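Take the sequence shown: its letters are residues 0 to 291, numbered as in numbering that gives the first Met the number 0. In this text, a Cβ means the ideal position worked out from N, Cα and C, and glycines have one as well. Owing to the predicted nature of the structure, the values given are computational and were not obtained by experimental measurement.
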Amino acid sequence: MMGRIALLTVSALALISVFSAHAQTGGGPGGPGGGPGGGSGAGPGAGAPPPGGAFPGGGGGGGGGGGGGGRRQAETPGGTVGRVAMTEIPLTTRVGGRLIPANSVQHAVSANGIVRSVFVKPGQEVRAGDPLFSVERDDLSGSYVPALVAARIPGTVSSVSVKPNATVRSGDQGVTVIDSSELYLEAYLSDKDALSLRAGTEVIATVAGGLELKGVIHSRSPEPDYSTGLFTLTLRFPGTGGAPLGQFATAELPLGKLRGIFLQQDLLQRMYGRYQVWTVDSANLLQSRRVT
Numbered sequence: 000m001m002g003r004i005a006l007l008t009v010s011a012l013a014l015i016s017v018f019s020a021h022a023q024t025g026g027g028p029g030g031p032g033g034g035p036g037g038g039s040g041a042g043p044g045a046g047a048p049p050p051g052g053a054f055p056g057g058g059g060g061g062g063g064g065g066g067g068g069g070r071r072q073a074e075t076p077g078g079t080v081g082r083v084a085m086t087e088i089p090l091t092t093r094v095g096g097r098l099i100p101a102n103s104v105q106h107a108v109s110a111n112g113i114v115r116s117v118f119v120k121p122g123q124e125v126r127a128g129d130p131l132f133s134v135e136r137d138d139l140s141g142s143y144v145p146a147l148v149a150a151r152i153p154g155t156v157s158s159v160s161v162k163p164n165a166t167v168r169s170g171d172q173g174v175t176v177i178d179s180s181e182l183y184l185e186a187y188l189s190d191k192d193a194l195s196l197r198a199g200t201e202v203i204a205t206v207a208g209g210l211e212l213k214g215v216i217h218s219r220s221p222e223p224d225y226s227t228g229l230f231t232l233t234l235r236f237p238g239t240g241g242a243p244l245g246q247f248a249t250a251e252l253p254l255g256k257l258r259g260i261f262l263q264q265d266l267l268q269r270m271y272g273r274y275q276v277w278t279v280d281s282a283n284l285l286q287s288r289r290v291t
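Written out as structure tokens, the structure is:
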């Protein structure tokens, strides 16, 4: 009986030694070929693997054991890093309005009578003193006295409201002439913006199609419209820019410069209801700062 117990004890010790050696050589039930970072099939600190079949799960399974031999690279969390410095940025405001002529003169009928001749048509260019239309009138004595209405300014005929042989009365609309040598744009600004603008400041207006017009601030009203609180700002542009009258234009007006540190929006984080940004100081330490 004692002999059997001794034999069983020796067998158990031998079996434990076999499994201990097998664990050190990276054996065991192996997976498919070498895993990520795997080596030749031997585990860390192991010698050459025994011949295939020496242990259960050995041989071909050695590749799976080597999979644990490599080191997993540490993952770095993503983020955006940027450098900032004290800078200045321009402040502007955008206004819009219709381009209007520098001057528009209505030439009215000067006497009661009959229109005998009309010498112009819409779109025609005229000079100061050119005849526009004539009226045949009767004075109180019944004598014929012709009345000739001439252009008072050079420009373009905008509209003609009289027709030959029509009976007219003094003060009726006759011919309108516009001076388009310069174009104006009227904009309305609050006192916060209007009071920082000065006459003579250069501006650029843009009309439909991307056409740009270079001009200046012509004037600013000395007081606001008290019903709205807005000041009237007039911009002047040369009439040779190619923009048609009445076209809508927008202009960027310079208000000055703002000095400070400006951040990209993706650098900001909202924490506790406020915007924060992470900074790195001279000691290479992270600090959280509130953005104002």
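Checklist entry - Considering Ala127, what are the terminal residues of the beta strand (DSSP E) in which it resides? => result It is not in any beta strand (DSSP E) - Ala127 carries neither H nor E in the DSSP assignment.
Next on the checklist: Here's the rule I'm using: 16 or more other beta-carbon atoms within 10 Å means buried, otherwise exposed. How should Ile88 be labelled?
Outcome noted: exposed
Checklist entry - Using the C-alpha atoms, what's the distance from Ser220 back to Leu188? => result 10 Å
Item to check | Bridge partners - Val108, DSSP secondary structure assignment | outcome: Answer is none; Val108 lacks a bridge partner.
Checklist entry - Would Ala84 be called buried (16 or more neighbouring beta carbons within 10 Å of its own) or exposed? => result exposed
Item to check | Reduced DSSP secondary structure (H/G/I, E/B, other) of Ala165 | outcome: coil
Checklist entry - For Leu232, which three-state DSSP category applies? => result strand
Checklist entry - Quick one: Cα of Pro145 to Cα of Arg115, how far? => result 9 Å
Next on the checklist: So, does the segment 241-253 touch the segment 89-99, judging by three or more C-beta pairs under 8 Å?
Outcome noted: yes
Item to check | CB of Asn164 within 7 Å of CB of Arg136, strictly | outcome: no
Next on the checklist: What does the alpha-carbon distance come out to for the pair Gly154 and Val125?
Outcome noted: 6 Å
Checklist entry - Can you tell which of Arg288, Leu262, Asp265 and Ser281 has the C-alpha that lies nearest to the C-alpha of Arg273? => result Arg288
Next on the checklist: Taking 8 Å as the limit between beta carbons, can you name the residues of its chain near Ala11, skipping five residues before and five after?
Outcome noted: With a pLDDT of 40 at Ala11, under the threshold of 50, the modelled position of this residue cannot be trusted, and the question is left open.
Item to check | Beta-carbon proximity of Arg168 to Val104, cut-off 7 Å | outcome: no
Checklist entry - Near Ser19, which residues of its chain fall below 6 Å by C-beta distance, leaving aside the five closest residues on each side in sequence? => result Confidence at Ser19 is low in this model, with a pLDDT of 41, below 50, so the placement of that residue is unreliable and no value is reported for it.
Checklist entry - Rounded to whole angstroms, how far is the Cβ of Ala186 from the Cβ of Gln246, which I believe are closer than 8 Å? => result Not a contact, Cβ separation roughly 15 Å.
Checklist entry - Ala248 by DSSP, collapsed to three states: which one? => result strand
Checklist entry - Can you tell which of Ala193, Leu210, Asn283 and Met270 has its C-alpha closest to the C-alpha of Thr233? => result Ala193
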